[in-house]
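Heads up, the sequence shown is in the UniProt record's numbering, so the first residue is 1 and it goes up one at a time.
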Amino acid sequence: MPERLIKLYQAEWCSYCRRVRMKLAELGVPYITVNVPDEKPMREDLFNISGQRGIPTLVDGDVVIADDDDAIIAYLEGRFAKVPAAGSFNEICTD
């Protein structure tokens with residue numbers, strides 16, 4: 001369980017953001033969504049955090065991953081994916 005909640009800067013209409021939300025749900029990671037304005041010039045808060053205005057942008061403590069859903073998903077899998085218990089792999093793979 002993370003010490004603080006992850007923030008996902010996103011928009012409901014954004015398919016890339018939807019992919020990240022689905023991965024967060026799959027991994028059972030609690031998070032906060034911050035819905036950004038549709039118009040990029042209006043995304044000053046996001047620019048101040050990440051140096052750009054694209055979404056999705058994930059903030060996890062000092063880690064900021066901006067405008068790259070594949071990189072965000074890889075980060076989430078690396079940080080939160082559960083490792084199977086010892087013996088599970090053999091139980092699954094045996095005939």
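Glycine included, C-beta positions come from ideal geometry on N, C-alpha and C.
Computed from a predicted structure; not experimentally measured.
| Asked | Found |
| --- | --- |
| Beta-carbon proximity check, L58 vs L5, cutoff 8 Å | no |
| CA-to-CA distance, I72 to D62, given in whole angstroms | 14 Å |
| Bridge partners - residue 170, DSSP secondary structure assignment | Any question about residue 170 goes unanswered here, given that the chain covers just 1 to 95. |
| Helix, strand or coil at V36 according to DSSP, with G and I counted as helix | coil |
| Proximal residues to S50 (C-beta, below 7 Å), its chain only, five neighbours per side dropped | T57, V64, A66 |
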